[in-house]
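Counting the sequence shown from 1 gives a position; our numbering is that position plus 19. For glycine and all other residues, C-beta sits at the position ideal for the given N, C-alpha and C. A short worksheet on the structure shown next.
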Amino acid sequence: MHSSHLLIEEPIRMISILEPSKYSFFPAMTKIVGTLGPKSRSVDVISSCLKAGMSVARFDFSWGDAEYHQETLENLKTSIKSTKKLCAVMLDTVGAEMQVVNKKETAISLQADNQVVLTPDQGQEASSEILPINFDGLAKSVKAGDTIFVGQYLFTGSETTSVWLEVAEVTGLNVVCTIKNSATLAGALFTLHASQIHIDLPTLTEKDKEVISTWGVKNKIDFLSLSYTRHAEDVRQAREFLSTLGDLSQTQIFAKIENVEGLTHFDEILQEADGIILSRGNLGIDLPPEKVFYFQKSALYKCNMAGKPAVLTRVVDSMTDNLRPTRAEATDVANAVLDGSDAILLGAETLRGLYPVETISTVGKICAEAEKVFNQDLYFKRTVKHVGEPMTHLESIASSAVRAAIKVKASVIICFTSSGRAARLIAKYRPTMPVLSVVIPRLKTNQLKWSFSGAFEARQSLIVRGLFPMLADPRHPAESTSASNESILKVALDHGKTSGVIKPHDRVVICQKVGDASLVKIIELED
Numbered sequence: 020m021h022s023s024h025l026l027i028e029e030p031i032r033m034i035s036i037l038e039p040s041k042y043s044f045f046p047a048m049t050k051i052v053g054t055l056g057p058k059s060r061s062v063d064v065i066s067s068c069l070k071a072g073m074s075v076a077r078f079d080f081s082w083g084d085a086e087y088h089q090e091t092l093e094n095l096k097t098s099i100k101s102t103k104k105l106c107a108v109m110l111d112t113v114g115a116e117m118q119v120v121n122k123k124e125t126a127i128s129l130q131a132d133n134q135v136v137l138t139p140d141q142g143q144e145a146s147s148e149i150l151p152i153n154f155d156g157l158a159k160s161v162k163a164g165d166t167i168f169v170g171q172y173l174f175t176g177s178e179t180t181s182v183w184l185e186v187a188e189v190t191g192l193n194v195v196c197t198i199k200n201s202a203t204l205a206g207a208l209f210t211l212h213a214s215q216i217h218i219d220l221p222t223l224t225e226k227d228k229e230v231i232s233t234w235g236v237k238n239k240i241d242f243l244s245l246s247y248t249r250h251a252e253d254v255r256q257a258r259e260f261l262s263t264l265g266d267l268s269q270t271q272i273f274a275k276i277e278n279v280e281g282l283t284h285f286d287e288i289l290q291e292a293d294g295i296i297l298s299r300g301n302l303g304i305d306l307p308p309e310k311v312f313y314f315q316k317s318a319l320y321k322c323n324m325a326g327k328p329a330v331l332t333r334v335v336d337s338m339t340d341n342l343r344p345t346r347a348e349a350t351d352v353a354n355a356v357l358d359g360s361d362a363i364l365l366g367a368e369t370l371r372g373l374y375p376v377e378t379i380s381t382v383g384k385i386c387a388e389a390e391k392v393f394n395q396d397l398y399f400k401r402t403v404k405h406v407g408e409p410m411t412h413l414e415s416i417a418s419s420a421v422r423a424a425i426k427v428k429a430s431v432i433i434c435f436t437s438s439g440r441a442a443r444l445i446a447k448y449r450p451t452m453p454v455l456s457v458v459i460p461r462l463k464t465n466q467l468k469w470s471f472s473g474a475f476e477a478r479q480s481l482i483v484r485g486l487f488p489m490l491a492d493p494r495h496p497a498e499s500t501s502a503s504n505e506s507i508l509k510v511a512l513d514h515g516k517t518s519g520v521i522k523p524h525d526r527v528v529i530c531q532k533v534g535d536a537s538l539v540k541i542i543e544l545e546d
């Protein structure tokens, strides 16, 4: 393991704390994924979220139907047009999630030391004596002494709406539990989590497949968040399924690691997935609390070295009800950046929280401060060493572009790319300046019609730290004459100037393909 305190630049200049953030067109290089829900689905609020720095919108199908989410998405599209801020769409599956079914939505009061029965008989009404659940295999999976956690959906783990149960006995399909703490369960949806126990539910349920093949296809989702990924095979099966759904063959799969089983198979999962989401809420229940930090640091390091985006959840839970995060939460966000997170995912904070916009803004500001003291030099050396020699052609170009940009103190790296791969490789080396990824659309055909690719590639870089995409005019191919490249370059430079990243006399590093060769060049701007 590599300790992350090394990734702070020495010495930290205290004055930097007082300096305003360097870039205005995004509050930070670290990206923010916002979950859209009851408190964040109007055009006004979504527009404010985009302006505050949200670059990926997450649609969580654990609750709400397709129609509800479609309305929210239409509002997102309207907001994107009016704010001119790009935003990608992530569909989050339900997966192997056990839930307590409370049809009447009446509050259920549970008293410590009393007993409650978990039953798969969903015909029963939920009460303080019996809780119906959506899974009939629990009795086969648990034994006396096992721990079960029940919490409000997107629980924070500290509120009085969460309860710990200990299995007393198993009778037939029912599980009798002793209540360890008094709590009141309110609302329709409660997550049930059995610590360190294999639950025999499919990772991609029939309901998930139906949602993906209808809502997902219709809306050409950019990312699929695969809940409860436990094995590499889960990712392979999901990819096989997506490959049968036309455009969704381009959708990136982010494996959501939520339990010890997923951590055990982490290396193989990382090889198969396009990115990783560390679901710290559920991990925090499955793991002893003292182990959580170690797995976080280890998993982020592995993602960084593989050049795959790593997303961290559950950072500012208290902002669900409060305008300011706790000291511990603020430090936690900064440490996530120093540990190598590409993006921070907000769940309850934006879904049902009172301050969705302020939360995004606050997290962005903390990320920007942490980025100022990120030890890029050490990170760069570590990444080069990990890649080893001989480097591939692309890897060599990417690392050279970053090294050159840092040496000449360039204000931005501009990368021309058609697949987005070159730009992602540059971002892997964590340059201290933004990478403008100019995605050049490619003409493709499916024998029936011609279409341009590029939109997926552009939006999918919205989850990568430091990468800011723009889609070029399709009439300019990526490997083309210097004349057409000059005109795209001008558009990219103008974009950089209007967003405040590029100023007169700045140096800019450009990475592009010319014929079969790749080129890294440095230009100095005039007025």
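| request: For Asp219, I'd like the list of residues in its chain whose CB is within less than 8 Å of its CB, leaving aside the five on either flank, ordered along the chain. | output: Within the sequence shown, the letter at position 200 stands for residue 219. Within the same chain, Gly156, Lys159, Ser160 come within 8 Å of Asp219 by CB-CB distance, once the 5 residues on both sides are set aside.
Problem - Bounding residues of the beta strand (DSSP E) (the contiguous stretch that carries Met117) - result: The residue you call residue 117 lines up with position 98 of the sequence shown. Residues 117-120.
Rounding to the nearest angstrom, what Cα-Cα distance links Gly114 and Thr517 in this structure?
As a first step, residue 114 is located in the sequence shown; it is residue number 95 there, counting from the start. As a first step, residue 517 is located in the sequence shown; it is residue number 498 there, counting from the start. Cα to Cα, Gly114 sits roughly 43 Å from Thr517.
Review point. Which word fits Glu185, buried or exposed, when buried means at least 16 other C-beta atoms lie within 10 angstroms of its C-beta?
Key: Within the sequence shown, residue 185 is the residue found at index 166, counting from 1. It counts as exposed.
### Task
For the alpha helix (DSSP H) containing Pro369, list its first residue and its last residue.
By one-based count along the sequence shown, residue 369 stands at place 350. Just to set this straight, residue 369 is Thr in the shown sequence, not Pro. Here the alpha helix (DSSP H) through Thr369 covers 367-370.
- Task: Output the distance between the C-alpha atoms of Ser59 and Glu291, rounded to the nearest integer angstrom.
- Result: Mapped onto the sequence shown, residue 59 falls at position 40. Mapped onto the sequence shown, residue 291 falls at position 272. Taken atom to atom, the span from the alpha-carbon of Ser59 to that of Glu291 is near 33 Å.
Next on the checklist: Using 8 Å as the cut-off, can you tell me whether the region 194-206 makes contact with the region 114-133, which would need three or more C-beta pairs spanning the two stretches below that distance?
Outcome noted: yes
In chain order, what residues of the same chain lie with their CB nearer than 8 Å to the CB of Arg371, ignoring the 5 residues before and after it?
Within the sequence shown, residue 371 is the residue found at index 352, counting from 1. Closer than 8 Å at Cβ, skipping near neighbours: Gly56, Pro57, Lys58, Leu173, Thr339.
Self-check item: Among Asp525, Asp111, Gly170, nearest to Lys226 - alpha-carbon criterion
Solution: Counted from its first residue, the sequence shown places residue 226 at position 207. Nearest of Asp525, Asp111, Gly170 to Lys226, Cα basis: Asp111.
Excluding the 5 residues flanking Val279 on each side, which residues of the same chain have their C-beta closer than 6 Å to its C-beta? The residue given as residue 279 occupies position 260 in the sequence shown. If we look at Val279 and ignore the five residues flanking it on each side, its Cβ neighbours are Gln215, Asp305.
Which partner residues does Ile296 have in the DSSP bridge list? The sequence position of residue 296 within the sequence shown is 277, counting from 1. According to DSSP, Ile296 shares a beta bridge with Lys275, Val330.
**Request:** Let me know if Val427 comes out buried or exposed under the rule of 16 or more other beta-carbons within 10 Å of its beta-carbon.
**Result:** Locating residue 427 in the sequence shown gives position 408, where the first residue counts as 1. The residue in question, Val427, is exposed, as its Cβ has fewer than 16 Cβ neighbours within 10 Å.
Using beta-carbon positions only, say whether Val352 and Val392 come within less than 7 Å of one another.
Position 333 of the sequence shown, counted from the start, is the residue given in the question as residue 352. Position 373 of the sequence shown, counted from the start, is the residue given in the question as residue 392. Going by C-beta atoms, Val352 is not nearer than 7 Å to Val392.
Check your understanding: When you compare each of Tyr320, Lys321, Gly300 to Val311 by their alpha carbons, which one comes out closest?
Key -> The residue you call residue 311 lines up with position 292 of the sequence shown. Measuring from the Cα of Val311, the nearest candidate turns out to be Gly300.
- Item | Residue closest to Glu188, alpha-carbon to alpha-carbon, out of Thr179, Ile167, Val182, Leu243 | The sequence position of residue 188 within the sequence shown is 169, counting from 1. Considering only alpha carbons, the answer is Ile167.
Margin query: Within a Cβ cutoff of 6 Å, which residues of the same chain sit near His514, ignoring the five residues on either side of it in sequence?
Written below: The residue given as residue 514 occupies position 495 in the sequence shown. Contacts found: Met489.
Q. From Ala387 to Ser61, what distance separates their C-alpha atoms?
A. For the purposes of this step, residue 387 is taken as residue 368 along the sequence shown, with counting starting at 1. For the purposes of this step, residue 61 is taken as residue 42 along the sequence shown, with counting starting at 1. Taking the straight line joining both Cα atoms gives about 27 Å.
| field | For Val75, the first and last residue of its enclosing alpha helix (DSSP H) | value | Walking along the sequence shown from the start, residue 75 turns up at place 56. Where Val75 is concerned, there is no enclosing alpha helix (DSSP H), although the beta strand (DSSP E) it sits in stretches over 73-79.
Paired residues, beta bridge with Met489 - DSSP
Stepping through the sequence shown from its first residue, residue 489 is reached at position 470. Bridge partners of Met489: Val457.
Going by DSSP, what residues sit across from Asp241 in a beta bridge? Residue mapping note: residue 241 aligns to position 222 of the sequence shown, counting from 1. DSSP output for Asp241 lists no bridge partner at all.
* Asked: Three-state secondary structure (DSSP) at Asp535?
  -> The residue you call residue 535 lines up with position 516 of the sequence shown. Three-state DSSP puts Asp535 in coil, outside helix and strand.
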